[in-house]
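full-length UniProt numbering puts the first residue of the sequence shown at 1, with every later residue one more than the last. A virtual CB, placed ideally from N, CA and C, is assigned to each residue, including glycine. The structure presented is a predicted model; accordingly, all values stated were derived computationally and were not measured. To keep things clear, I will list the structure first and then write my remarks on it.
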Amino acid sequence: MNSFGARGTLQVGDESYEIFRLNAVPGTEKLPYSLKVLAENLLRTEDGANITKDHVLALANWDPSAEPSVEIQFTPARVVMQDFTGVPCVVDLATMREAVAALGGDPDKVNPLSPAEMVIDHSVILDVFGTADAFERNVELEYERNAERYQFLRWGQGAFDDFKVVPPGTGIVHQVNIEYLARTVMVRNGQAYPDTCVGTDSHTTMVNGLGVLGWGVGGIEAEAAMLGQPVSMLIPRVVGFKLTGEIQPGVTATDVVLTVTDMLRKHGVVGKFVEFYGKGVAEVPLANRATLGNMSPEFGSTAAIFPIDDETINYLRLTGRDEAQLALVEAYAREQGMWHDADHEPAFSEYLELDLSTVVPSISGPKRPQDRIELSDAKNAFRKDIHNYVEENHPAPHTNLDEAVEESFPASDSAVLSFAEDDAVIPSAANGGEGRPSKPVKVTSAERGNFVLDHGAVVVAGITSCTNTSNPSVMLGAALLAKKAVEKGLTTKPWVKTNMAPGSQVVTDYYNKAGLWPYLEKLGYYLGGYGCTTCIGNTGPLPDEISKAINDNDLSVTAVLSGNRNFEGRISPDVKMNYLASRRWSSPTASPEPWTSTSRPIPWARITTAMTSS
Numbered sequence: 001m002n003s004f005g006a007r008g009t010l011q012v013g014d015e016s017y018e019i020f021r022l023n024a025v026p027g028t029e030k031l032p033y034s035l036k037v038l039a040e041n042l043l044r045t046e047d048g049a050n051i052t053k054d055h056v057l058a059l060a061n062w063d064p065s066a067e068p069s070v071e072i073q074f075t076p077a078r079v080v081m082q083d084f085t086g087v088p089c090v091v092d093l094a095t096m097r098e099a100v101a102a103l104g105g106d107p108d109k110v111n112p113l114s115p116a117e118m119v120i121d122h123s124v125i126l127d128v129f130g131t132a133d134a135f136e137r138n139v140e141l142e143y144e145r146n147a148e149r150y151q152f153l154r155w156g157q158g159a160f161d162d163f164k165v166v167p168p169g170t171g172i173v174h175q176v177n178i179e180y181l182a183r184t185v186m187v188r189n190g191q192a193y194p195d196t197c198v199g200t201d202s203h204t205t206m207v208n209g210l211g212v213l214g215w216g217v218g219g220i221e222a223e224a225a226m227l228g229q230p231v232s233m234l235i236p237r238v239v240g241f242k243l244t245g246e247i248q249p250g251v252t253a254t255d256v257v258l259t260v261t262d263m264l265r266k267h268g269v270v271g272k273f274v275e276f277y278g279k280g281v282a283e284v285p286l287a288n289r290a291t292l293g294n295m296s297p298e299f300g301s302t303a304a305i306f307p308i309d310d311e312t313i314n315y316l317r318l319t320g321r322d323e324a325q326l327a328l329v330e331a332y333a334r335e336q337g338m339w340h341d342a343d344h345e346p347a348f349s350e351y352l353e354l355d356l357s358t359v360v361p362s363i364s365g366p367k368r369p370q371d372r373i374e375l376s377d378a379k380n381a382f383r384k385d386i387h388n389y390v391e392e393n394h395p396a397p398h399t400n401l402d403e404a405v406e407e408s409f410p411a412s413d414s415a416v417l418s419f420a421e422d423d424a425v426i427p428s429a430a431n432g433g434e435g436r437p438s439k440p441v442k443v444t445s446a447e448r449g450n451f452v453l454d455h456g457a458v459v460v461a462g463i464t465s466c467t468n469t470s471n472p473s474v475m476l477g478a479a480l481l482a483k484k485a486v487e488k489g490l491t492t493k494p495w496v497k498t499n500m501a502p503g504s505q506v507v508t509d510y511y512n513k514a515g516l517w518p519y520l521e522k523l524g525y526y527l528g529g530y531g532c533t534t535c536i537g538n539t540g541p542l543p544d545e546i547s548k549a550i551n552d553n554d555l556s557v558t559a560v561l562s563g564n565r566n567f568e569g570r571i572s573p574d575v576k577m578n579y580l581a582s583r584r585w586s587s588p589t590a591s592p593e594p595w596t597s598t599s600r601p602i603p604w605a606r607i608t609t610a611m612t613s614s
C-alpha cells in the first residue's frame, strides 16, 4: 500500500532506487532520527492490516511528553545471531524442512525471508594463556568441543538462502557487524531503506553507533523476524543526550561510557531510546560511538543511537565499503532528513547533557557496571568495598606467617613474612595491603615459582570484549602502556591470568603493523582467541594451585577487564570482585604493584605520563 503517496525514486550516480519519502507525511520532519527510521519502516511495510495508515500517523503526530501507548509493528531489515542463542533458530528451520518433506512438499522452499547472519564467537574458552601457541591450542579445543554444532552450522549455511555464517576465530559478533555486516542503508529488490536489525545478543546495540537501529531480542523473536514477522513494540519515549566539548587527553571512550552509564542509570531509561545529538557528536569518533551504543543494555535503554554524519561515512570507507555504497548512504540520509544537523534540535521526551571535557578516568565495580569510581579514588573505594567480601571474623589457621597476621586482623599494618631468604616469595599485596583485610597464603607453583596470595589480588587481567575492541585508541593505548612497562623493566606477576581476545583480526593487523605485539607478549598478553571470552565467563580455569589456594582459604580476589559486565561470579567462579576499566588500565593490573629489579616501586602515573607524552 501507499496511502501517503510516499513511493518515489532516488537517483545515485547511475543507479536508481525505490524509496518511501518521509516528507510525504507531515510531522515526520520534527522526529528524532530513531523515530524517523521507524516511520520509514511503517511507510514501506504498510499492508492495511498489521500496519495501517493510522500507525504511520501515530508516529508523525508523536507527542514527546506522552507515555508510550500506541503499539506498532517494526520489521527489521536483517537478523544477527551468535552461536549460543542462534543455533536453536537454525535447528527449527531444519525441523520445518523435515516437516514439509514429510507432507510431500519441497523442503528447499523453507528459508529465512529476512537476511540472517551468524557469527560464531561464544564458544571459545581461554584455557591456555600466556604462551605463543595459546591461540592455536584454544582453537583446537574449541573445535573438539563443538565439532557437531559446527558441522551443523556449516550445513545450514549451504542449505539455506540468505543465511551467512562467519566462522570461529574471526571476531566478536558486534565488531564483525560494524566492520563488515552492517550496511547503514540496505538495498533489496531495488528498494533502498535504512539498515535495521534485531540480534540474539543484548549488545547488538553496538551497531547503533553506525546509525543502524537495532537491539537484542530473544531467540523466538529473532526466529520470527527471520521468517518475515514484525516485532511488536510501543512507540517509545526518546531521551535526547546532548554532547558538547571534547574529550581531554588521557581520557578514553571507556571513561565516557562509564560516566554516561552512571548518568543514565540515575535518570532512568528502561524501555526508552537514547539518541545522541549536538555539536559534540562530530567530535566523537565512530569507534567511541560504537562503544557507547554497545553499553545500551547497561544504561537500561532499548537503543542508544547516533545519527548518520560525515564520521559515519568515513568509518564505512575505512572498513572497506565501496564508494557506491558510501554515496548511497549519504544521498539517502540527506534525502530523508536523517543526516545529522547540529544546528537543528529535534523534539525529545527528556533531555540530558554532558560536556565531554569534564569526563575523568574511571573504573566501575566491584559488581555492577553503573558503580563508577573515579580512578583517583579507586584505592580508597577498593579498601572500603573489600570488607563486604571477606569473612573477617574467621581468620585463617596458622601458617608460616608472623603472629601479627592474626593479632591485627584485619591488618592495618604490614604482615611480616617469616620465610627464609632462600625461600623468598612475591607478595600479591604490597606491604600487606595497609588498611584492608589480609590473609596471606603461600602458593608454590612449578611453573610460576613461589608467591603469597592475599585478599584483593588481581588474578585475571583481561583485554577482551566487544565493548572496547572496536576502539583502536584504547587498544593502542594499552599496547603503548605495555611498551613503557617493559622498557621500565616490569614483568607480569605470577598469580595473574592475562587474557587477550581482540574483537576481530583487524586489531591483530594494526598491532603487527605498529610493532606493538612483542611488548604485550612480554607481559603475557599472547593472542588467546577471537570471541566473547572473559566477559561471558569463558575466562578459562585459573592455574590449579591458584584456584586451590583461593577456594581452600576463601580468598576474595579480583578481576579487571575491559568489558561491559562485571556481575558477581560472571567472570570466573573463583573471583568475587570484578572491575570494568579501559584497556589502558587492564594491562597494568597484570602488575598491580610495579617493582623494578632493585625492588623499588614505580608509580603507574610516571609510566602513563611517559606513555601519553610519547
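Tell me, please, which residues DSSP counts as bridged to Ile305.
Glu275
With a Cβ-Cβ cutoff of 8 Å, do Arg372 and Thr259 count as a contact?
yes
For Met226, count neighbouring Cβ atoms within 10 angstroms of its own Cβ and tell me buried if that reaches 16, exposed if not.
buried
Does the distance from the C-beta atom of Tyr526 to that of Glu275 stay below 8 Å?
no
Confirm, please, whether the CB-CB distance from Gly531 to Ile51 is below 8 Å.
no
Using alpha carbons as the reference points, say which of Thr312, Asn41 and Gly524 lies closest to Asn288.
Here the closest residue by C-alpha is Thr312.
According to DSSP, is Leu56 part of a helix, a strand, or is it coil?
The amino acid occupying residue 56 in the given sequence is Val; Leu does not appear at that position. Note: Val56 maps to helix in three-state DSSP.
Across which residues does DSSP place Glu148 in a beta bridge pair?
Its beta-bridge partners do not exist; DSSP assigns none.
So Met96 is in the alpha helix (DSSP H); what residue range does that whole segment cover?
In the DSSP assignment, Met96 falls within the alpha helix (DSSP H) that extends over Asp83 to Ala102.
Could you check whether Gln175 and Val165 sit closer than 8 Å to each other, using their CB atoms as the reference points?
no
Quick check on Tyr33: does DSSP put it in helix, strand or coil?
helix
In or out: Leu351 buried (at least 16 other Cβ within 10 Å) or exposed?
Inspection of the sequence shows that residue 351 is occupied by Tyr rather than by Leu. Per the 10 Å Cβ criterion, exposed.
Around the C-beta of Ala122, are 16 or more other C-beta atoms found within 10 angstroms, so that it is buried, or is it exposed?
For the record, residue 122 in the displayed sequence is His; it is not Ala. So His122 counts as buried.
Check whether the Cβ atoms of Val441 and Ser556 sit closer than 8 Å, and answer yes or no.
No. Outside cutoff.
Does the distance from the CB of Val460 to the CB of Val575 come in under 8 Å?
yes
Should Lys279 go down as buried or exposed, given a rule of 16 or more other Cβ atoms within 10 Å for buried?
exposed
With DSSP run on the structure shown, which of helix, strand or coil describes Val452?
In the structure shown, the three-state DSSP call for Val452 is strand.
What number of angstroms, rounded off, separates the C-alpha of Leu480 from the C-alpha of Val506?
17 Å
In the DSSP output, which residue or residues are listed as bridge partners for Asn23?
Answer is none; Asn23 lacks a bridge partner.
What is the DSSP secondary structure of Leu292, counted as helix, strand or coil?
Looking at Leu292 - three-state DSSP - the assignment turns out to be helix.
Could you spell out the range, first to last residue, of the beta strand (DSSP E) harbouring Gly194?
In the sequence on display, residue 194 carries Pro and not Gly. Run containing Pro194: Gln191 to Pro194, per the beta strand (DSSP E) assignment.
For Glu447, three-class secondary structure by DSSP:
Three-state DSSP puts Glu447 in coil, outside helix and strand.
Would you call the stretch 42-61 and the stretch 210-227 touching, i.e. three or more CB-CB distances under 8 Å?
no
Note down the Cα distance separating Ser232 from Ile72, rounded to an integer number of angstroms.
6 Å
In whole angstroms, what separates the C-alpha of Gly214 from that of Ala303?
7 Å
Which residue's Cα is closest to the Cα of Gly293: Asp255, His203 and Asn314?
The residue with the shortest Cα to Cα distance from Gly293 is His203.
Specify the secondary structure class of Pro558 as computed by DSSP and reduced to three states.
For the sequence presented, residue 558 should be read as Thr rather than Pro. Of the three classes helix, strand and coil, the one that applies to Thr558 here is strand, per DSSP.
What are the complete beta strand (DSSP E) segments, minimum 3 residues, inside the stretch 512-543?
none
Tell me the rounded alpha-carbon separation between His455 and Ser572.
16 Å
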